[in-house]
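Since the structure comes first, as structure tokens, the remarks are kept for the end.
There are 4 protein chains.
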Amino acid sequence: MPPFEDFRLARRRFVHKRKIQWGDCDPAAIVYTPRFLDYALEAIDAWMGEVLGVDWYTMNTKLGIGGPQVHATLDFHSPARGGEVLDLHVTLEKATRSTLAFLVQGRIAKRLIYTARCVTVIIDRKRFKSIPLPPTFRRRVDAILGAKSS
Amino acid sequence: MPPFEDFRLARRRFVHKRKIQWGDCDPAAIVYTPRFLDYALEAIDAWMGEVLGVDWYTMNTKLGIGGPQVHATLDFHSPARGGEVLDLHVTLEKATRSTLAFLVQGRIAKRLIYTARCVTVIIDRKRFKSIPLPPTFRRRVDAILGAKSS
Amino acid sequence: MPPFEDFRLARRRFVHKRKIQWGDCDPAAIVYTPRFLDYALEAIDAWMGEVLGVDWYTMNTKLGIGGPQVHATLDFHSPARGGEVLDLHVTLEKATRSTLAFLVQGRIAKRLIYTARCVTVIIDRKRFKSIPLPPTFRRRVDAILGAKSS
Amino acid sequence: MPPFEDFRLARRRFVHKRKIQWGDCDPAAIVYTPRFLDYALEAIDAWMGEVLGVDWYTMNTKLGIGGPQVHATLDFHSPARGGEVLDLHVTLEKATRSTLAFLVQGRIAKRLIYTARCVTVIIDRKRFKSIPLPPTFRRRVDAILGAKSS
Numbered sequence: 000m001p002p003f004e005d006f007r008l009a010r011r012r013f014v015h016k017r018k019i020q021w022g023d024c025d026p027a028a029i030v031y032t033p034r035f036l037d038y039a040l041e042a043i044d045a046w047m048g049e050v051l052g053v054d055w056y057t058m059n060t061k062l063g064i065g066g067p068q069v070h071a072t073l074d075f076h077s078p079a080r081g082g083e084v085l086d087l088h089v090t091l092e093k094a095t096r097s098t099l100a101f102l103v104q105g106r107i108a109k110r111l112i113y114t115a116r117c118v119t120v121i122i123d124r125k126r127f128k129s130i131p132l133p134p135t136f137r138r139r140v141d142a143i144l145g146a147k148s149s
Numbered sequence: 000m001p002p003f004e005d006f007r008l009a010r011r012r013f014v015h016k017r018k019i020q021w022g023d024c025d026p027a028a029i030v031y032t033p034r035f036l037d038y039a040l041e042a043i044d045a046w047m048g049e050v051l052g053v054d055w056y057t058m059n060t061k062l063g064i065g066g067p068q069v070h071a072t073l074d075f076h077s078p079a080r081g082g083e084v085l086d087l088h089v090t091l092e093k094a095t096r097s098t099l100a101f102l103v104q105g106r107i108a109k110r111l112i113y114t115a116r117c118v119t120v121i122i123d124r125k126r127f128k129s130i131p132l133p134p135t136f137r138r139r140v141d142a143i144l145g146a147k148s149s
Numbered sequence: 000m001p002p003f004e005d006f007r008l009a010r011r012r013f014v015h016k017r018k019i020q021w022g023d024c025d026p027a028a029i030v031y032t033p034r035f036l037d038y039a040l041e042a043i044d045a046w047m048g049e050v051l052g053v054d055w056y057t058m059n060t061k062l063g064i065g066g067p068q069v070h071a072t073l074d075f076h077s078p079a080r081g082g083e084v085l086d087l088h089v090t091l092e093k094a095t096r097s098t099l100a101f102l103v104q105g106r107i108a109k110r111l112i113y114t115a116r117c118v119t120v121i122i123d124r125k126r127f128k129s130i131p132l133p134p135t136f137r138r139r140v141d142a143i144l145g146a147k148s149s
Numbered sequence: 000m001p002p003f004e005d006f007r008l009a010r011r012r013f014v015h016k017r018k019i020q021w022g023d024c025d026p027a028a029i030v031y032t033p034r035f036l037d038y039a040l041e042a043i044d045a046w047m048g049e050v051l052g053v054d055w056y057t058m059n060t061k062l063g064i065g066g067p068q069v070h071a072t073l074d075f076h077s078p079a080r081g082g083e084v085l086d087l088h089v090t091l092e093k094a095t096r097s098t099l100a101f102l103v104q105g106r107i108a109k110r111l112i113y114t115a116r117c118v119t120v121i122i123d124r125k126r127f128k129s130i131p132l133p134p135t136f137r138r139r140v141d142a143i144l145g146a147k148s149s
């Protein structure tokens, strides 16, 4: 587990870059709405891999656990176009026994494109039932959220 | 414009069916989350075509107007699997000068899979600015929402 | 196993309908190219379910076998637009020990939009190695291809 | 126009990197087949932007021309999994009056995952008819293909 300071950093500055592809856009020549949820989940998954040490693919195929979404809210502020590069800022906002709540802010340069809030629940894959966050997740999550409130 | 009774009907019973495809599912063997927003928009677009008489494609390519989303909220209640058929119940809940607010409930038989609330704004495509609902939209929307409150 | 005549029928007339969605189209206001491969696989999977009795989802999640593609060729003849309905005509052209070769012709009314040829290999999921077609597949495939050559 | 040597370089070594996302994979826990065509087009579009100076989005929304595919062939050699990074090697193989023929080889480290051949035709967007390659395209294409044969 990386030292405490890294988590403070991770929490504050985690940014995932995503170039908007031709095929992500619709006949209005802007990003097709559901792609924004794709991008948010891609950014959260990158955060999981980097901060918690395992991404969804590894969780599901190696560890027998999963991380489906139970909730998502999206607010769209400004359109995004092909070729532009989104900076997706990921913040862990809250954790319960089994869930992680994320805020993702998508920016292109200084322009806020959209915000997404996603709630992931950690489950036992076989029973499809929520379980407590695994101890390594819990320690890191507490370090981050402690850092946040301090 | 179809007679008033049809709108009451449309409002109450509009259901769009969508079979869940192999390619809609992820390695957890359930629907990949953003597909649920795809399905909701597909159902709303079917509603637009049938109830308002023009879908997004026609609006954008023929009429010079567009209908981007400004907001979406999704709550997931039960997982959905490949081969299952979603009944997507679309309800127009509210209209303002330029926006339409929809509720989409996705069910498989009696099981509630998810709910989505989406807010669409009608815009002038060239200026990318909101405009009042076109008169034909307004008349039908008022008929539906009048029917709703009566 | 349905009677022989049904397979002749299935082979000759299997058509899967697919409405082109707003989100399937790109800023050129035509179908985004990879969607045509999506549609072809959706049609082949429908054929698998109906003619062989199991679709890919069931094969993978229940039977421990899979059906990945080893080859695909696509030729595009005419553009397709939002709201149009594709008739996807699926023909089994050939079978080897482990593979099935399909032709999919996508038409909108009388207009030929594209053709796809896809080769699926049946594998043991765990070892990711090809296996002989299961006996039920083999019987039906032979009935179809026998019908074809007769 | 960059100096000649750059094109030789571009032709020989153009590589686009693409991380395989959770949502790109299907319930077999490998990349869903049509995503490979997505990746190939994404890589070709990156090549267009870098080597020809305009990507499809700019061609379509600014220049009144388009670059739809008329043909695609895909051969799959080895499965690819979530979290792996594809190196997509793009080679312009041939050009005619209106078309560009590309080879895309997708590798993960030394392992060849798939090859794609795609033929793009340059069209006048409004008439949806092929046109000669624009002069800037032609000069660069000839420089590359000249370099190739030399």
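Protein chains in written order, with numbering that gives the first Met the number 0: chain L, 0 to 149; chain A, 0 to 149; chain E, 0 to 149; chain R, 0 to 149. By construction, the Cβ of each residue, glycine as well, lies at the ideal position given by its N, Cα and C atoms.
Q: Using the DSSP secondary-structure output, state which residues sit across from F101/A in a beta bridge.
A: According to DSSP, which records beta bridges pairwise, F101/A is partnered with L91/A, C117/A.
Q) If we call anything under 8 Å between Cβ atoms a contact, is I130/E one with D141/E? A) One thing to note: I130/E has its Cβ no nearer than 8 Å to the Cβ of D141/E.
Q) F75/L and V69/A: beta carbons closer than 8 Å? A) Contact flag set, yes.
Q: Could you name the residues of chain A that A28/E contacts, counting a contact when the two beta carbons are closer than 7 Å?
A: Listed along chain A, the residues sitting closer than 7 Å to A28/E by beta-carbon distance are T60.
Q | Distance between T135/L and K16/A (C-alpha atoms, nearest Å) | A | In this structure, the CA atom of K16/A is about 42 Å from the CA atom of T135/L.
**Q.** 7 Å CB neighbourhood of W46/A in its chain, flanking five on each side removed
**A.** Here the set comprises F13, V89.
Q: Put R34/E into one of helix, strand or coil per three-state DSSP.
A: R34/E: helix per DSSP, three-state reduction.
Q | Contact with chain L by P33/E, beta-carbon distance below 8 Å | A | So yes, P33/E belongs to the interface.
Q.
Quick test of your reading: L85/A and I43/A, contact by CB under 8 Å. State the CB separation rounded to the nearest angstrom.
A. Going by Cβ atoms, the distance from L85/A to I43/A rounds to 14 Å, so no, they are not a contact pair.
Q) Going by beta carbon distance, what residues of the same chain come within less than 7 Å of S77/E, once the five residues before and after it are set aside? A) R110, L111, I112, listed in sequence order.
Q | Assigned exposure category for E41/R - 16 Cβ within 10 Å defines buried | A | It is buried - the Cβ of E41/R has at least 16 other Cβ atoms within 10 Å.
Q: Hey, could you find the ends of the beta strand (DSSP E) T72/R is sitting in?
A: Start and end: 68-75.
(Q) Is G81/A close to chain R? Criterion is C-beta to C-beta, closer than 8 Å. (A) Yes, because at least one Cβ of chain R sits closer than 8 Å to the Cβ of G81/A.
**Q.** Residue range of the unbroken beta strand (DSSP E) whose run includes K18/R
**A.** Here the beta strand (DSSP E) through K18/R covers 14-18.
Q) Where does D86/R fall in DSSP's three states? A) DSSP, reduced to helix, strand and coil, places D86/R within a strand of the structure shown.
(Q) For a quick check, are the C-beta atoms of L73/E and A115/E less than 8 Å apart? (A) Result yes, Cβ atoms of L73/E and A115/E sit closer than 8 Å.
Q: Grab me the residues of V118/L's own chain with a C-beta within less than 8 Å of its C-beta, minus the 5 sequence neighbours each way, in chain order.
A: Result list for V118/L: Q68, V69, H70, A71, T98, L99, A100, F101, in chain order.
Q: Taking all protein chains shown into account, decide if I19/A is buried (16 or more other Cβ within 10 angstroms of its Cβ) or exposed.
A: By the Cβ neighbour-count rule, I19/A is buried, with 16 or more other Cβ atoms within 10 Å of its own.
Q | Under 8 Å between C-beta atoms of D54/E and G48/E | A | In this structure, the beta-carbon distance from D54/E to G48/E falls below 8 Å.
Q.
Once DSSP output is grouped into helix, strand and coil, what is the label at G63/A?
A. Coil, per DSSP.
Q.
Could you check whether W21/E and D23/L sit closer than 8 Å to each other, using their CB atoms as the reference points?
A. It is not a contact, given that the beta carbons lie outside the stated cut-off.
Q: Name, going along the chain, the residues of the region 111-138 of chain E whose beta-carbon falls closer than 8 Å to a beta-carbon of chain R.
A: Those would be R124, F127, in chain order.
Q) Cα separation between R139/E and N59/E? A) Computed Cα separation, rounded: 20 Å.
Q) So what does DSSP say about L144/R, is it helix, strand or coil? A) Taken through DSSP and simplified to helix, strand or coil, L144/R comes out as helix.
Q | Distance, I29/A Cα to D37/R Cα | A | Distance between the alpha carbons of D37/R and I29/A: 22 Å.
Q: Determine the closest residue to R150/R out of I107/R, V120/R, L87/R, V50/R, with distance taken between C-alpha atoms.
A: Any property of residue 150/R remains undetermined from this structure, which presents chain R solely from 0 to 149.
(Q) Could you tell me the alpha carbon to alpha carbon distance between R34/E and E92/R, rounded to whole angstroms? (A) Roughly 25 Å between the two C-alpha positions.
Q | Within 8 Å of chain R by C-beta, residues of the region 46-77 of chain L in sequence order | A | Under the 8 Å Cβ criterion, the region 46-77 of chain L contributes G48, D54, W55, Y56, T57, N59, T60.
**Q.** Closest residue to G105/A among A27/A, Y31/A, A39/A (Cα-Cα distance)
**A.** If we check each option's Cα against that of G105/A, A39/A comes out closest.
Q: Measure the alpha-carbon distance for K61/A versus T57/R and round it to whole angstroms.
A: Cα to Cα, the separation comes out at about 22 Å.
Q. Going by the beta-carbon positions, is the gap between A79/A and G65/L smaller than 8 Å?
A. Between A79/A and G65/L, the CB-CB gap reaches or exceeds 8 Å.
**Q.** chain L contact for G22/E (CB, 8 Å cutoff)
**A.** Chain L contact via Cβ: present.
Q: Give the residues of chain L in contact with D25/E, contact being defined as C-beta atoms less than 8 Å apart.
A: For D25/E, the C-beta contacts it makes with chain L under 8 Å involve W21, G22, C24, D25, P26, in order along the chain.
Q: Identify each residue in the region 84-104 of chain E for which the Cβ-Cβ distance to at least one residue of chain R is less than 9 Å, and report them in chain order.
A: So nothing in the stretch comes that close.
Q) Is it buried or exposed for A94/L, if we count other Cβ within 10 angstroms and need 16 for buried? A) Answer is buried; the Cβ neighbour count reaches 16.
Q | Simplified DSSP assignment, three categories, for I43/R | A | In the structure shown, the three-state DSSP call for I43/R is helix.
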